[in-house]
Amino acid sequence: MKYPLVLSGINRTSGLSVLLLTALFVLNLTSLTAQIPPPPNPPKLVNDYTGTLNQAQVSNLEQKLVNYNDTTSTQIVVVLVEDLANYDVADFAFKIGESWGVGKAGSNNGAVILIKPKTDRSRGKAFIATGYGLEGAIPDALAKRIVDVEMIPSFSQGDYYTGIDNAVNAIIRLASGEYTADQYAQQDLGDAWFIPIIIIILIIFLMKSSQSSNQIGGSKSSSLPFWTALWLASQAGRSHSGSWGNFSGGSRGFGGGG
């Protein structure tokens, strides 16, 4: 008589465990989904959920984006959030573009500029997700470059408005055909073109100095200049690597909406 009772207890416990696990899963899923902001009502193109921008800055950006949307039907949405709810920044931006229906349906001509400001405990994140209809004018590599060049330098100084405004202006000019992707990719180089050349000259100088020193002393070649040269080369390669300070960014495409 005891054996069936033990089985009954096990079945009851197992059933309770399944119910608890299911409830936890649903609660976790609901909590995660709830962190994706719902579409603003009434509709807005600048949505700051962090209080980073002041009202004048929000109004200036909103007016610029509304005017551009009215004349071209291309929608650019700016979203600032306090956290990404365990999402990758690309996925978060992608979900906003899809769930909000950014861009004109059928044209997929929307863009989402997503920013998670830096805090004392977490890195800042910046990302541009473009609709498939804009990927010809603003391919992924170029969207990432906009983040790197137009946004992150200002963000690193605590100036979020300037970084966002610069990115908006770059997207508008590219989407309007004011300049091509290739032209934009070249224009931000400025006076920085000579930096890799200086680094190369330093590498050659260090290597030649090392060779001369070894010939005089009769010792074997040291590996130090090699590693120094390697480090300098890596620094040259990082000059446009995609991150500044405590920020990282990139781009991804999504389908359009209403």
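Per this note's numbering, residue 6 is the first one in the sequence shown, and the count goes up by one each step. Quick reminder that beta carbons are idealized off the backbone N, C-alpha and C, glycines included.
| request: Check whether the segment 57-70 touches the segment 99-114, counting contact only when three or more Cβ pairs, one atom from each stretch, lie closer than 8 Å. | output: no
| request: Measure from the C-beta of Q62 to each C-beta in chain C and report whether the shortest distance is under 8 Å. | output: Checking the listed chains, one finds no chain C in this structure; it contains a single protein chain.
| query | What are the partner residues of A131, as DSSP defines its beta bridges? | reply | Taking the sequence shown and counting its residues from 1, one reaches residue 131 at position 126. According to DSSP, which records beta bridges pairwise, A131 is partnered with I120.
| query | Count the other CB atoms within 10 Å of the CB of A146; is the residue buried (16 or more) or exposed (fewer)? | reply | The residue you call residue 146 lines up with position 141 of the sequence shown. Under this definition A146 is an exposed residue.
| message | Could you pull the DSSP bridge partners for N52 from this structure? | response | Stepping through the sequence shown from its first residue, residue 52 is reached at position 47. Paired residue(s): V84.
| Boundaries of the alpha helix (DSSP H) in which V173 is found, first to last residue | Here residue 173 refers to the residue found at position 168 when the sequence shown is read from its first residue. Segment 165-180, the alpha helix (DSSP H) holding V173.
| query | Does the Cβ of R150 have 16 or more other Cβ atoms within 10 Å, making it buried, or fewer, making it exposed? | reply | Counted from its first residue, the sequence shown places residue 150 at position 145. Flag for R150 reads buried.
| said: One question on the structure: do V82 and V117 come within less than 8 Å of each other, judged by their Cβ atoms? | reply: For this step, residue 82 is matched to residue 77 along the sequence shown. For this step, residue 117 is matched to residue 112 along the sequence shown. Yes, they are a contact pair.
| field | Per-residue burial, I120 [other beta carbons within 10 Å of its own, 16 or more giving buried] | value | Residue mapping note: residue 120 aligns to position 115 of the sequence shown, counting from 1. Buried, since its Cβ has 16 or more Cβ neighbours within 10 Å.
| field | Within 8 Å, strictly: CB atoms of G3 and G108 | value | What is shown of the chain runs 6 to 263, which leaves residue 3 out entirely.
| field | Three-way DSSP call (helix, strand, coil) for G280 in this model | value | This structure gives no information on residue 280, because the portion of the chain shown stretches from 6 to 263.
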